[in-house]
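Protein sequence lines correspond, in order, to chains A and B.
The opening residue of the first sequence carries number 1349 in the working numbering; numbering runs sequentially from there.
The opening residue of the second sequence carries number 180 in the working numbering; numbering runs sequentially from there.
Built from N, CA and C at the ideal position, the CB exists for glycine as well.
As the structure is a prediction and not an experimental result, all values here were calculated from the model.
Comments concern the structure below.
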Amino acid sequence: MNKFFAIVLSVLSIAVLTPRALAVEPSEMLKDPKLEARARAISKNLRCLVCQNESIDESNADLARDLRVLLRERLKAGDTDKQAVDYLVSRYGEYVLLKPRLSPHTYILWFGPFLVLLIGGFGVYYARRRAAASKAAAKVEAALSEDERKRLDELLKS
Amino acid sequence: MIVELGHFALVLAFAVAVYQTIVPLYGAMRGDQQLMNEAPAAAIAQFVLVAAAFGALVWAYLQSDFSVLNVWANSHTAKPLLYKITGVWSNHEGSMLLWVSILSLFGMAVAVFSGNLPLSLKARVLGVQGSISVGFLLYIITVSNPFERIPLDQVPMQGRGFNPILQDPALAFHPPLLYTGYVGFSVAFSFAIAALMEGKVDAAWARWVRPWTLAAWTFLTLGIALGSWWAYYELGWGGWWFWDPVENASLMPWLAGAALLHSAIVVEKRNTLKIWTILLAIIAFSLSLIGTFLVRSGVLSSVHAFAVDPGRGVFILMILLFFIGGSFVLYAARAGTLKTGGLFAPISREGALVVNNLLMSASAAAVFIGTLFPLAYEAITGGGKITVGAPYFNFTFGILMIPLLLLIPVGPMLSWKRADLFAALQRLTAAAGIAIVSAIAVAAIAYGHPVMAALGIALGVWIIAGALEELAIRIKLFRAPLSTSLRRLWKLPGQALGMTLAHLGMGLVVLGIIASSTWKEEVITSVRPGEVIRAGGYEVKYLDERREQGPDYIAEQARFQVSRDGRPIAVVTSEKRSFIPRGMPTTEVGLLHFLKGDLYVAIGDRDKKGRVVRVYFHPFIYLMWLGALFMAFGGFVSLLDRRFRVGVAARARGNAAAQPAE
């Protein structure tokens, strides 16, 4: 469905379209299945820089292919997962990460939804207290009939 | 000529919409019955005119009238009839016209079906509805005209055709369903604004709003499901949700709408939570508008590009600011005047629905923040780029969804006002037992990620079993003679049955997602004819391939023999199409459905070792779409509830609390 609108945009020549047809090619894959599995897992979290929010694992853009090959080269050279990712971040910036790192400039992103939950919770709490208070007040008033109130007023005056 | 008439009808519709906005709202302010009575006729006239304009554009597409810029840019004579029609809304201008057409259709529906609405409320609702039309009709007429002509001496012989990937039955109906959902929330919005103007919200109000919200939500559910089903079989690797901003744009109103449905129940039954429900109605439609803005303004590709060519984007942004800003100002000014209703203990049906609302709102917020964060970041840092992708959404959305899903079976077991949590859980013993047993069974036999799979499957089973147990209690299954139970089932109010179906559907969705994501099998390899690929316990043998000529494409078609333990089951074909007008390739995957899941065969390019083939096995993935169908069906069943129609409004107005608690 995203494709649908991506295309609509491309028709309007607002966005450059990169067809999302097929991704990882057999020729790129590493012989060692363990290493290949690691490469697949990492590449699901890396962004194809020229696509719209697609991972390099899904995209068949040339750049995505280059990144896949580069990532596999690093893994083959003996990098740990973290080293390989750090290497790509140093080359392409944090933009390459589909999952932004937790740092002060992403606090809003990571904590925002939970903050909304918290604020909502407090809102409910206060609304309840206010409602309970006004209800209680109303009850006290309603407990006295008109005659009773008159008598009460007289008693208080005297 | 017809095209010009369409254009003219659109301008007239704008004039009528202005009339529909000003006259009834002014009349309601002055208490002038005559002016208020103008509203329904104006709403109907507006629909007729917009429909005429839409019809004119469809006509231009059917005639392949390439002197119309929009037709030339998006159609082609070789296109099959269905796709000539769907070409109308496969582009910006046409889809905005569809948007307004559906908007005015809803306006007319309110005018026709709301005979028992108090006059002033009806006038205000239609007036607000008309004002939305004013904004969008003005937008279409000034900057997004679908009827623009190409100068007569330059009219091309052939159109450019539309993107081949859209030439698909699912996508033909996806936009109208989605828009019906989006735009349907405008009615809830109009009711909310009208209520703020009136300064009155009661059970009757909720009863009038709920069917419209239900209808919108139901269509949105279908639209989203259809879109993801299309992505699943068309994009060639079996992904069905990408957390793409455009998908998120439809998910946000869906979440807000679901929350609104639930909170409106509380207003209807208990006459409380009114201020919050009004806010949700405003938020649901605001998110629809924001979604339209995100998709339609081009702001997504980059803030920079948006700033360079702001014409349309800024126009939509102004509409957005006016309606969202205006409604929030009105809300801030008037919400305090609405009287709060009945009190309830934290552990009660109302309490559960409040928790439901908090979690749904927070998860909508997660989607909202994640979608807009990169835009905000780029704008604030002056060009700084950051990506927020699927891993973020899966994490935050997932964390918020788990407690919500866990609570689904509990909520309906709680009584109104004050409930006994222990007693409610006791009534769910059977469901809990079944869930635990299934968790143990899955953990014992599963491979891959057994713990996650076991917990996920148990969650889905818990929701389904909980929904069924609630139904069983309601119809006194096993406690009364079967005939009594069946009679009770037959007499069950549509709303109750609708809830059971929708909750059941949610459980199926969970099962589908968990099963297909934890046990997916994938083989990507190159094969020559005669070679066999194994996946999901099936053997897929590559037979041969040939070239196939379609109406407007050429296809490379590969055939595969699927068998199990040597026994042949079926032959599937998988295609790569190349479309003539634009030369763009698409994939048509070979898909076999089994009870155990889907076998999915897609072909890629040729390489040195033969044809690249991707074979996937997606276990039980169909449960997801089946679940979505259940949810939508639940919505329809609920809509059929007679209490929405028969003169209940008058009764509800009098004694909301005396209604039987469902």
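Distance, residue 419 of chain B Cα to residue 653 of chain B Cα: As a working note, residue 653 of chain B is residue 474 in the second sequence. As a working note, residue 419 of chain B is residue 240 in the second sequence. One C-alpha to the other measures close to 36 Å.
Residue range of the beta strand (DSSP E) that includes residue 546 of chain B: The count along the second sequence starts at 1 and reaches residue 546 of chain B at position 367. Taken as a continuous stretch (DSSP letters only), residue 546 of chain B belongs to no beta strand (DSSP E), being part of the alpha helix (DSSP H) at 528-560.
8 Å Cβ cutoff met for residue 718 of chain B and residue 753 of chain B: The sequence position of residue 718 of chain B within the second sequence is 539, counting from 1. The sequence position of residue 753 of chain B within the second sequence is 574, counting from 1. No, the Cβ-Cβ distance between residue 718 of chain B and residue 753 of chain B is not below 8 Å.
is_contact[residue 351 of chain B, chain A] using C-beta, thresh 8 Å: Taking the first residue of the second sequence as position 1, residue 351 of chain B is located at position 172. Under the Cβ criterion of 8 Å, residue 351 of chain B is not counted among the residues facing chain A.
Chain A within 8 Å of residue 540 of chain B, Cβ atoms only: As a first step, residue 540 of chain B is located in the second sequence; it is residue number 361 there, counting from the start. Closer than 8 Å to some Cβ of chain A, the Cβ of residue 540 of chain B qualifies, so yes.
Contacts that residue 1452 of chain A makes with chain B (C-beta to C-beta distance below 8 Å): Here the question's residue 1452 of chain A lines up with position 104 in the first sequence. None at all; the shortest Cβ gap to chain B is about 13 Å.
Residue 805 of chain B to residue 688 of chain B span [Cα, whole Å]: Stepping through the second sequence from its first residue, residue 805 of chain B is reached at position 626. Stepping through the second sequence from its first residue, residue 688 of chain B is reached at position 509. Each residue's alpha carbon lies about 8 Å from the other.
Three-state secondary structure (DSSP) of residue 1351 of chain A: One-based indexing of the first sequence puts residue 1351 of chain A at position 3. Because the pLDDT of residue 1351 of chain A is 48, which lies under 50, any placement of that residue in the model is unreliable, and the question is left without a value.
CB contact below 8 Å: residue 579 of chain B versus chain A: Counted from its first residue, the second sequence places residue 579 of chain B at position 400. Yes, contact with chain A.
Any chain B beta carbon closer than 8 Å to residue 1456 of chain A: Stepping through the first sequence from its first residue, residue 1456 of chain A is reached at position 108. Judged by the 8 Å Cβ criterion, residue 1456 of chain A is in contact with chain B.
C-alpha distance - residue 1396 of chain A paired with residue 1444 of chain A, whole-angstrom precision: Within the first sequence, residue 1396 of chain A is the residue found at index 48, counting from 1. Within the first sequence, residue 1444 of chain A is the residue found at index 96, counting from 1. Rounded to the nearest angstrom, the two C-alpha atoms are 7 Å apart.
Contiguous alpha helix (DSSP H) assignments of at least 4 residues, all confined to the stretch 409-474 of chain B: 424-449
Contacts around residue 378 of chain B, its chain only, beta-carbon distance under 8 Å, and the 5 residues preceding and following it disregarded: Residue mapping note: residue 378 of chain B aligns to position 199 of the second sequence, counting from 1. Closer than 8 Å at Cβ, skipping near neighbours: 513, 516 and 517.
Per-residue contacts from residue 1440 of chain A into chain B (C-beta, under 9 Å): In the first sequence, the residue the question calls residue 1440 of chain A occupies position 92. By Cβ distance, chain B contributes nothing, its closest Cβ being about 10 Å from residue 1440 of chain A, past 9 Å.
Below-8 Å beta-carbon distance, residue 537 of chain B vs any chain A residue: Start at 1 with the first residue of the second sequence, and residue 537 of chain B comes out as number 358. It does; some Cβ of chain A falls within 8 Å.
Residue 568 of chain B at chain A interface by Cβ criterion, 8 Å: Sequence index remark: in the second sequence, residue 568 of chain B carries index 389 (1-based). Output row for residue 568 of chain B: interface = yes.
Reference residue 230 of chain B; option with closest CA among B:649, B:283 and B:204: Along the second sequence, one-based indexing puts residue 230 of chain B at 51. Closest by alpha carbon: B:283.
Per-residue burial, residue 1471 of chain A [other beta carbons within 10 Å of its own, 16 or more giving buried]: The residue you call residue 1471 of chain A lines up with position 123 of the first sequence. Exposed: under 16 other Cβ atoms inside 10 Å.
Within chain A, the residues that residue 704 of chain B reaches when beta carbons sit closer than 7 Å: Here residue 704 of chain B is taken as the residue at index 525 of the second sequence, counted from 1. Here the neighbours are 1374.
Assigned exposure category for residue 465 of chain B - 16 Cβ within 10 Å defines buried: One-based indexing of the second sequence puts residue 465 of chain B at position 286. Its Cβ being crowded by 16 or more others within 10 Å, residue 465 of chain B is buried.
Exposed unless 16 or more other CB atoms sit within 10 angstroms - verdict on residue 315 of chain B: As a first step, residue 315 of chain B must be located in the second sequence, where it is residue number 136. Residue 315 of chain B comes out buried.
Sequence-distant residues of the same chain with beta carbon closer than 6 Å to residue 734 of chain B, five excluded per side: For the purposes of this step, residue 734 of chain B is taken as the residue at position 555 of the second sequence. Only 727, 754 and 756 meet the Cβ criterion.
Residue 286 of chain B versus residue 1484 of chain A - alpha carbon distance: Residue mapping note: residue 286 of chain B aligns to position 107 of the second sequence, counting from 1. Residue mapping note: residue 1484 of chain A aligns to position 136 of the first sequence, counting from 1. Answer to the nearest angstrom: the Cα atoms are 43 Å apart.
Residue-level contact to chain A via CB, residue 424 of chain B, 8 Å cutoff: Counted from its first residue, the second sequence places residue 424 of chain B at position 245. Closer than 8 Å to some Cβ of chain A, the Cβ of residue 424 of chain B qualifies, so yes.
Check whether residue 322 of chain B and residue 239 of chain B have beta carbons under 8 Å apart: Counting from 1 along the second sequence, the entry for residue 322 of chain B is found at position 143. Counting from 1 along the second sequence, the entry for residue 239 of chain B is found at position 60. Contact flag unset, no.
Buried or exposed by the 16-neighbour rule on C-beta atoms within 10 Å, applied to residue 1496 of chain A: In the first sequence, residue 1496 of chain A corresponds to position 148, counting from 1. Exposed is the call here.
Simplified DSSP state of residue 833 of chain B, which is helix, strand or coil: Mapped onto the second sequence, residue 833 of chain B falls at position 654. Because residue 833 of chain B carries a pLDDT of 42, less than 50, the predicted location of this residue cannot be relied on, and the following value inherits that uncertainty. Correct three-state label for residue 833 of chain B: helix.
Residue-chain proximity (residue 510 of chain B, chain A), Cβ-Cβ < 8 Å: For the purposes of this step, residue 510 of chain B is taken as residue 331 along the second sequence, with counting starting at 1. No - not a single Cβ of chain A is within 8 Å of the one on residue 510 of chain B.
Collapsed DSSP secondary structure at residue 770 of chain B in the structure displayed: For the purposes of this step, residue 770 of chain B is taken as residue 591 along the second sequence, with counting starting at 1. Strand.
According to DSSP, residues forming a beta bridge with residue 747 of chain B: As a position in the second sequence, residue 747 of chain B is number 568, starting the count at 1. Looking at the DSSP assignment, residue 747 of chain B forms a beta bridge with B:742.
Distance, residue 598 of chain B Cα to residue 500 of chain B Cα: Your numbering for residue 500 of chain B matches position 321 in the second sequence. Your numbering for residue 598 of chain B matches position 419 in the second sequence. Using only the alpha carbons, I get a separation of about 43 Å.
Range of the contiguous alpha helix (DSSP H) that encloses residue 591 of chain B: Counting from 1 along the second sequence, the entry for residue 591 of chain B is found at position 412. Note, residue 591 of chain B: premise wrong, no alpha helix (DSSP H); not H, not E.
Contact residues within the stretch 1424-1438 of chain A, judged by C-beta distance below 7 Å to chain B: none
is_contact[residue 198 of chain B, chain A] using C-beta, thresh 8 Å: One-based indexing of the second sequence puts residue 198 of chain B at position 19. No, because no Cβ of chain A sits closer than 8 Å to the Cβ of residue 198 of chain B.
Nearest-angstrom Cα separation, counted from residue 1412 of chain A out to residue 708 of chain B: Along the second sequence, one-based indexing puts residue 708 of chain B at 529. Along the first sequence, one-based indexing puts residue 1412 of chain A at 64. Taking the straight line from one Cα to the other gives about 30 Å.
Chain B contact residues for residue 1323 of chain A, given Cβ-Cβ distances below 8 Å: It is not possible to answer for residue 1323 of chain A, since the shown part of chain A is limited to 1349 through 1506.
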